[in-house]
Amino acid sequence: MLTVTEALRQHSSVQNPSPAEHVKVDLGLVQCCRLVQRWVSQCVELGPLMMGVMMLSRFPLGNLMSEFSRLWQALDYVIAEARQHGIRLLLSLVNNLQAYGGKTQYVKWAWQEGVGLSSSNDSFFFDPSIRKYFKNYVLTVLTRKNTITGIEYRNDPTIFAWELINEPRCMSDPSGDTLQDWLEEMTAFIKSIDKNHLLTVGLEGFYGPKSPKKSTVNPEVWASTLGSDFIRNSNISNVDFTSVHIYPDHWFHVLGFEEKQNYVYKWVRSHIEDCDKELKKPVMFTEYGLSNQNKDFQASQREQFYRSILDIIYKSARKKGSGAGALIWQFFVEGMEDYNDDFGLVPWESPSIYKLTVEQSCRLARIQGLIQENENLKVMCSKTE
1 MLTVTEALRQ
11 HSSVQNPSPA
21 EHVKVDLGLV
31 QCCRLVQRWV
41 SQCVELGPLM
51 MGVMMLSRFP
61 LGNLMSEFSR
71 LWQALDYVIA
81 EARQHGIRLL
91 LSLVNNLQAY
101 GGKTQYVKWA
111 WQEGVGLSSS
121 NDSFFFDPSI
131 RKYFKNYVLT
141 VLTRKNTITG
151 IEYRNDPTIF
161 AWELINEPRC
171 MSDPSGDTLQ
181 DWLEEMTAFI
191 KSIDKNHLLT
201 VGLEGFYGPK
211 SPKKSTVNPE
221 VWASTLGSDF
231 IRNSNISNVD
241 FTSVHIYPDH
251 WFHVLGFEEK
261 QNYVYKWVRS
271 HIEDCDKELK
281 KPVMFTEYGL
291 SNQNKDFQAS
301 QREQFYRSIL
311 DIIYKSARKK
321 GSGAGALIWQ
331 FFVEGMEDYN
341 DDFGLVPWES
351 PSIYKLTVEQ
361 SCRLARIQGL
371 IQENENLKVM
381 CSKTE
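Numbering (the UniProt record's numbering), first residue to last: 1 to 385.
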């Protein structure tokens, strides 16, 4: 996901920011806003895109609206710029990983306040005090009024959907009951405040012990012990669409490219089949990528890897199946080298990937009959016919 808050990471690591830290935040915000403006302006060429944004969940114990108004204004700006350019946003509410604070930060707060039940990161899911912290934060986000557009987040159509938590895992309870209980409570809470937006969990897509027939689709045995379960978690009534990630480089360290490619075919088709036949919900592959740090990596492999995923999704969509789309991890513009990892790329510096992305946008738009309704799409997609 596009992590706009990365520019503010240094500030987020400070419990009681000094004036010097506030100056750094101001500088970071200026750079961030300029970057987003440029990014959005250039990316609009790709058509009606959807971006994922990881929001910074900082200091839920205090008055978020007043203490950190500059941080909130940065997010206001991102949403306003996306709105102006017709880009929809998938906003992730918290990260399972430590990046940007994540669930670990909530555990630290509870421990420091003397109310935490455990120092385990997984207490984020089972500690009542931490659940209250998170609910307060979510309430603040959903009911915030954008200082630029004047629209509350829960009423803003620029926001396509909320992602509850990025890649949730609760390894202390491999049965999956703890995470399932947390998901049911939090999805219901979000829907009680915001019935306008779609909601997804943010799953990686692994199958748990409640889905034994699907265990052979997991990359390895460890994937069934993480406390998550694609079918069980996605079947919650307040979850509107399912989410899956695709990272064969993380899951397999000895397989060659062709073997990974064959596995990905199986992985993608399995989840589309689950959603067609059992869950009856759309599926979005909200992150997929191929590392450039692989041994014997070739740039052409990325195009082949991406195309194989997009083709399966297109075939599903064309038959009115559950395949709904996919988001590359991750696109950048020039000047973002410090934010890059071994998956990132600048699309216009990779013409074949740029072309592939445009083609996928256009053929999905044709299925929905959207091209005639949008002048930018007409121009862009006429070049792909």
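Every residue, glycine too, gets a C-beta built ideally from N, C-alpha and C. Remember, it's a predicted structure, so these values are computed and weren't measured experimentally.
With a threshold of 8 Å on Cβ separation, who are the neighbours of V30 within its own chain once the five nearest residues in sequence on each side are excluded? Low local confidence applies: a pLDDT of 42 at V30 is under 50, so the model's placement there is unreliable, and no value is given.
Short Cβ contact (8 Å threshold) for T279 with N233: Note on identity: in this sequence residue 279 is Leu, with Thr being the wrong assignment. Not in contact: L279 and N233 (Cβ atoms no closer than 8 Å).
For Q368, is the classification buried or exposed, using 16 other Cβ atoms within 10 angstroms of its Cβ as the cut-off for buried? exposed
Contacts around S119, its chain only, beta-carbon distance under 8 Å, and the 5 residues preceding and following it disregarded: V107 and W111
Would E303 count as contacting chain B if we go by Cβ distances under 8 Å? Absent from the structure is chain B; it holds one protein chain and no more.
For V283, name the three-state secondary structure that DSSP assigns. strand
Member of F241, K315, I165 and A80 whose CA lies at the smallest distance from the CA of L97: I165
Report the rounded CA-to-CA distance for K378 versus I190, giving the unit in angstroms. 37 Å
Is T149 helix, strand or coil when you go by DSSP? coil
Per DSSP, F189 is paired with what? Note: F189 sits in no beta bridge, so no partner.
Report yes if the C-beta distance between R131 and S228 is below 8 Å; otherwise report no. no
Kindly give me the distance between the Cβ atoms of H245 and E287, rounded to whole angstroms, as I take these residues to be in contact under 8 Å. 4 Å
Thinking C-beta only, is E163 closer than 8 Å to L93? yes
P19 burial status per 10 Å Cβ neighbour count (16 or more: buried): The pLDDT assigned to P19 is 44, lower than 50, so where the model puts this residue is not dependable; a value taken from the coordinates is nonetheless given after this. Classification for P19: exposed.
Hey, would you say L364 sits closer than 8 Å to Y306, going by beta carbons? no
Could you check what DSSP says for S92 in three-state terms: helix, strand or coil? strand
Between the beta-carbon of G321 and the beta-carbon of I272, is there less than 8 Å? yes
Skipping 5 residues on each side, what residues in its chain have a beta carbon closer than 8 Å to that of N155? N196
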